[in-house]
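So the structure is just underneath, and the comments pick up after that.
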Amino acid sequence: MLRAAPWLTAALFLGPIAAGLAGTLLPAFGWLPALGGTAVSLEPWRALLAAPGLGRAVLLTLGTGFAATLLSFALVIAFCAATQGRTLARRAQAALAPLLATPHAALAIGFAFLVAPSGWIARALSPWATGWDRPPDWATVNDPWGLALVAGLTLKEVPYLLLMAFAGLGQIRAAEAMRAAAALGYGPVTGWLKVVLPQLYPQLRLPLYAVLAFSLSVVDVALILGPGAPPTLSALVLRWFADRDLAMWFPAAAGAVLLLALVLGGILAWRVGERVAAAAGRRWIATGGRGGAGRALRCGAPALMGLLLAANAAALLVLLAWSFAGPWRFPEALPSAFTLATWRAQVQALAQPAMATLAVALAATALALLLALACLEAEQRHGLRPGRRALLMIWLPLLLPQLAFLFGWQVALVRLDLDGTAGAVVWTHLLFVLPYVFLSLADPWRALDPRHARAAAALGAGPWRVFWAVKCRLLLRPLLVAAAVGFAVSAGLYLPTLFAGGGRIATLTTEAVTLAAGADRRVLGAYAALQALMPLAAYAAAVAVPSFLHRDRRGMRPA
Amino acid sequence: MSLVLEAPEITLGGRRLLALDRLAVPAGEVVTVMGPSGSGKSTLLAWVSGALDPAFRARGRVLLGGQDVSGLPPHRRGIGLMFQDDLLFPHLSVAENLGFGLPAALRGRAARQARIEAALAEAELPGFGPRDPATLSGGQRARVALLRTLLAEPRALLLDEPFGKLDVALRGRVRDFVFERVRRRGIPALLVTHDPADAAAAGGPVLELGDAAAG
Numbered sequence: 096m097l098r099a100a101p102w103l104t105a106a107l108f109l110g111p112i113a114a115g116l117a118g119t120l121l122p123a124f125g126w127l128p129a130l131g132g133t134a135v136s137l138e139p140w141r142a143l144l145a146a147p148g149l150g151r152a153v154l155l156t157l158g159t160g161f162a163a164t165l166l167s168f169a170l171v172i173a174f175c176a177a178t179q180g181r182t183l184a185r186r187a188q189a190a191l192a193p194l195l196a197t198p199h200a201a202l203a204i205g206f207a208f209l210v211a212p213s214g215w216i217a218r219a220l221s222p223w224a225t226g227w228d229r230p231p232d233w234a235t236v237n238d239p240w241g242l243a244l245v246a247g248l249t250l251k252e253v254p255y256l257l258l259m260a261f262a263g264l265g266q267i268r269a270a271e272a273m274r275a276a277a278a279l280g281y282g283p284v285t286g287w288l289k290v291v292l293p294q295l296y297p298q299l300r301l302p303l304y305a306v307l308a309f310s311l312s313v314v315d316v317a318l319i320l321g322p323g324a325p326p327t328l329s330a331l332v333l334r335w336f337a338d339r340d341l342a343m344w345f346p347a348a349a350g351a352v353l354l355l356a357l358v359l360g361g362i363l364a365w366r367v368g369e370r371v372a373a374a375a376g377r378r379w380i381a382t383g384g385r386g387g388a389g390r391a392l393r394c395g396a397p398a399l400m401g402l403l404l405a406a407n408a409a410a411l412l413v414l415l416a417w418s419f420a421g422p423w424r425f426p427e428a429l430p431s432a433f434t435l436a437t438w439r440a441q442v443q444a445l446a447q448p449a450m451a452t453l454a455v456a457l458a459a460t461a462l463a464l465l466l467a468l469a470c471l472e473a474e475q476r477h478g479l480r481p482g483r484r485a486l487l488m489i490w491l492p493l494l495l496p497q498l499a500f501l502f503g504w505q506v507a508l509v510r511l512d513l514d515g516t517a518g519a520v521v522w523t524h525l526l527f528v529l530p531y532v533f534l535s536l537a538d539p540w541r542a543l544d545p546r547h548a549r550a551a552a553a554l555g556a557g558p559w560r561v562f563w564a565v566k567c568r569l570l571l572r573p574l575l576v577a578a579a580v581g582f583a584v585s586a587g588l589y590l591p592t593l594f595a596g597g598g599r600i601a602t603l604t605t606e607a608v609t610l611a612a613g614a615d616r617r618v619l620g621a622y623a624a625l626q627a628l629m630p631l632a633a634y635a636a637a638v639a640v641p642s643f644l645h646r647d648r649r650g651m652r653p654a
Numbered sequence: 002m003s004l005v006l007e008a009p010e011i012t013l014g015g016r017r018l019l020a021l022d023r024l025a026v027p028a029g030e031v032v033t034v035m036g037p038s039g040s041g042k043s044t045l046l047a048w049v050s051g052a053l054d055p056a057f058r059a060r061g062r063v064l065l066g067g068q069d070v071s072g073l074p075p076h077r078r079g080i081g082l083m084f085q086d087d088l089l090f091p092h093l094s095v096a097e098n099l100g101f102g103l104p105a106a107l108r109g110r111a112a113r114q115a116r117i118e119a120a121l122a123e124a125e126l127p128g129f130g131p132r133d134p135a136t137l138s139g140g141q142r143a144r145v146a147l148l149r150t151l152l153a154e155p156r157a158l159l160l161d162e163p164f165g166k167l168d169v170a171l172r173g174r175v176r177d178f179v180f181e182r183v184r185r186r187g188i189p190a191l192l193v194t195h196d197p198a199d200a201a202a203a204g205g206p207v208l209e210l211g212d213a214a215a216g
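Chains as they are written, first to last, in the numbering used here: chain R, 96 to 654; chain C, 2 to 216.
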């Protein structure tokens with residue numbers, strides 16, 4: 096039975112994606128019998144191309160997506176190169192977990208609260224530095240160039256890429272390579288770029304593709320921080336899918352396919368860029384230049400990273416500040432009074448989406464843990480060796496634009512008479528929760544000394560007792576961290592909830608994104624703060640529970 | 002009760018790692034297998050215990066008291082195993098580790114607890130039950146590991162360089178502790194080592210693996 100686990104997982108996983116892609120591709124070419132589309136035609140594409148602002152939307156999508164990815168990558172590389180082997184790197188690592196837990200939407204809303212013309216930064220500087228006694232008439236959020244969108248995405252992607260980079264560095268013995276380079280006279284930054292980066296990059300490749308795909312196709316952050324007329328392609332496509340006129344579904348489907356092409360083409364272009372950069376890097380390495388002390392980068396990169404992490408924290412704080420704010424006139428840096436009035440007024444309205452968020456996240460996480468553990472256990476008991484194809488399958492939902500298969504998947508759910516049910520939402524969340532749960536659990540699970548299991552078996556413990564009493568207990572910490580990651584991912588999902596829930600299941604994320612269009616800052620602050628606090632609480636529990644249970648076990652402390 | 006390995010032959014990807022005619026370990030005796038690293042000593046023990054990596058192919062039979070156990074999974078063979086590392090479970094206390102080995106057939110909290118206490122007292126570790134294994138000395142950990150193995154009431158014992166990580170002063174004492182208990186229990190034990198002093202202390206027949214595989 097356990098042997099079937101990888102296949103069952105693949106079916107649960109690939110089924111919706113295949114059905115979703117087909118269900119988006121067919122309407123893009125006019126085929127959707129339920130809406131009277133019974134002939135294959137290029138009409139949807141004609142309608143798409145005739146849509147006002149499409150060209151600019153495509154340019155915006157490409158510009159913001161690549162800018163955010165390149166910027167995040169550059170910052171992470173600069174930071175890693177500047178801090179290799181320094182305590183700064185370890186400190187940054189400790190700060191990462193809470194930042195990773197923050198949902199995109201909450202962070203984007205908090206970031207808007209920071210940089211808006213009437214935001215915290217302008218308030219902190221006014222009127223003493225700026226002379227403003229009313230907000231300036233600037234477009235610092237929703238700017239037509241998408242700069243706020245790029246900044247918001249970078250803020251969220253950098254912690255993720257940094258975590259992936261740290262994990263990768265742990266596997267390549269970077270310290271030895273650096274010592275060897277230093278002994279040959281290479282400066283720390285040049286040495287890192289020449290000997291560590293080429294080894295690290297393969298480990299970063301898939302996470303980078305995922306960041307690129309996400310940045311090119313993101314919807315919730317684009318709605319909150321991106322330009323409005325025209326918006327990015329993804330926001331435009333969502334607008335058509337949500338149109339009262341169901342005939343708009345045809346150009347919307349064509350737009351989703353165009354988005355898919357942009358993402359796949361974007362990944363391909365990045366791959367080509369990798370080759371070019373690698374060739375240039377080889378020539379650079381061959382010159383034998385040793386580089387200097389790299390003092391500018393060794394000071395500048397950590398400072399920039401510190402600024403970014405501080406902005407992350409400030410974005411969370413400002414949400415809380417607004418949710419507890421009494422009167423708060425413009426140039427004042429803090430509200431003139433703090434009050435529970437907003438929370439009291441909203442507690443009724445918040446309760447239902449909060450419970451829905453909790454229930455869906457718990458169910459999707461439990462299911463993902465079950466499947467991930469079953470796959471990993473099957474792998475060990477039956478000596479399976481998952482190859483590159485299995486790894487790529489795990490990453491698939493993160494490398495495709497959500498819009499490209501969620502619409503088709505929704506159509507399939509309607510056919511199955513499952514749309515708008517809690518089960519459909521959980522299943523759809525699973526597509527995004529499982530990859531993160533699996534990836535964060537697989538390394539520690541596979542790295543566990545197999546002799547523990549052998550020792551237990553020699554004492555008469557059967558495979559299930561070994562699994563439960565030895566493996567799960569020894570790996571309690573990574574197990575709970577994986578669960579917290581899954582919980583955070585689920586709690587932050589916007590489009591999957593929207594499509595699979597058929598508009599009938601509202602979570603804190605869908606409510607917050609809706610409210611971001613113009614609700615009172617206090618109310619919006621409360622929704623976004625709660626949205627951010629739930630995954631944070633999950634992370635805190637994942638750290639605290641093992642520490643408490645193992646308080647008298649020195650051998651169980653984290654290394 | 003004796004342990005008999007009948008014509009074991011282990012191959013990896015078509016290459017023969019190890020082949021023996023027959024190896025018999027009488028009850029209460031320690032047979033030592035010696036050989037350079039890479040001669041397949043540990044692989045042989047993995048096969049006997051039933052935990053051979055699926056990458057290997059093995060032929061031959063393991064007979065325990067005349068019964069063929071080759072088809073049984075590791076936990077049903079009743080063959081105890083000790084490694085170079087004690088592998089005490091770090092999440093359990095000393096008593097809980099010992100309790101992990103104690104058969105479920107011994108029922109009742111008090112009875113189990115008493116059995117564990119008795120074992121600890123007999124090993125000159127009285128009152129160590131609630132201790133965190135990470136706070137024990139190397140010699141104490143080795144003794145607890147052996148107690149845990151013996152409490153599972155194995156019908157045979159495999160020793161995979163169990164003294165390799167102990168310092169010289171401790172080595173002799175732990176060795177005596179182990180061998181004395183094997184004799185008292187009257188179970189067959191198979192010892193793998195590269196230390197001639199281990200083989201001498203074991204007192205039983207010695208098999209040089211490099212030679213056997215070649216011949």
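Idealized CB from N, CA, C, for every residue including glycine.
Host beta strand (DSSP E) of residue i (start-end)
| i | result |
| --- | --- |
| residue 9(C) | 4-13 |
| residue 209(C) | 207-209 |
| residue 33(C) | 31-35 |
| residue 157(C) | 157-161 |
| residue 57(C) | 57-65 |
Exposed unless 16 or more other CB atoms sit within 10 angstroms - verdict on residue i
| i | result |
| --- | --- |
| residue 215(C) | Reliability fails at residue 215(C), whose pLDDT of 38 lies under 50, so the model's placement of it is uncertain and the value that follows must be treated cautiously. Counting Cβ neighbours within 10 Å, residue 215(C) comes out exposed, since fewer than 16 surround it. |
| residue 16(C) | exposed |
| residue 125(C) | exposed |
| residue 335(R) | buried |
| residue 587(R) | buried |
| residue 312(R) | buried |
| residue 198(R) | buried |
Amino acids of chain C, ordered along the chain, whose beta-carbon sits closer than 7 Å to that of residue i
| i | result |
| --- | --- |
| residue 650(R) | 91, 134 and 135 |
| residue 647(R) | 133 |
| residue 98(R) | Per Cβ cutoff of 7 Å: no residues; residue 98(R) is ~13 Å from chain C at best. |
Rounded separation between residue i and residue j - CA only
| i | j | result |
| --- | --- | --- |
| residue 369(R) | residue 471(R) | 32 Å |
| residue 366(R) | residue 484(R) | 18 Å |
| residue 213(C) | residue 21(C) | Low confidence applies to residue 213(C): its pLDDT is 43, below 50, so where it sits in the model is not reliable, and the reading given next is rough at best. Between residue 213(C) and residue 21(C), the C-alpha separation is close to 7 Å. |
| residue 434(R) | residue 617(R) | 11 Å |
| residue 179(C) | residue 64(C) | 23 Å |
| residue 169(R) | residue 349(R) | 34 Å |
| residue 407(R) | residue 398(R) | 14 Å |
| residue 346(R) | residue 481(R) | 40 Å |
| residue 41(C) | residue 576(R) | 39 Å |
| residue 284(R) | residue 382(R) | 16 Å |
| residue 260(R) | residue 55(C) | 33 Å |
| residue 116(C) | residue 552(R) | 21 Å |
Within chain C, the residues that residue i reaches when beta carbons sit closer than 8 Å
| i | result |
| --- | --- |
| residue 659(R) | Look at the range of chain R in this structure, 96 to 654, and you will see that residue 659(R) is not part of it. |
| residue 556(R) | 76 and 101 |
| residue 442(R) | Those within 8 Å of residue 442(R) in chain C number zero; the least Cβ separation is about 41 Å. |
Residue i: contacting residues in chain R (beta-carbon distance under 7 Å)
| i | result |
| --- | --- |
| residue 82(C) | 549, 550 and 553 |
| residue 116(C) | Within 7 Å Cβ-Cβ: nothing; residue 116(C) doesn't reach chain R, min ~15 Å. |
| residue 104(C) | 555 |
N-terminal and C-terminal residue of the alpha helix (DSSP H) that residue i is part of
| i | result |
| --- | --- |
| residue 509(R) | 497-510 |
| residue 216(R) | 215-220 |
| residue 174(R) | 149-178 |
| residue 140(C) | 139-152 |
| residue 112(R) | 100-123 |
| residue 319(R) | 315-320 |
Presumed contact (8 Å Cβ cut-off) between residue i and residue j, rounded CB distance
| i | j | result |
| --- | --- | --- |
| residue 103(C) | residue 152(C) | 5 Å |
| residue 291(R) | residue 179(R) | 7 Å |
| residue 208(C) | residue 31(C) | At roughly 12 Å, the Cβ-Cβ gap does not stay under 8 Å, so residue 208(C) and residue 31(C) are not in contact. |
| residue 156(R) | residue 327(R) | 5 Å |
Contacts that residue i makes with chain C (C-beta to C-beta distance below 9 Å)
| i | result |
| --- | --- |
| residue 478(R) | 54, 55 and 56 |
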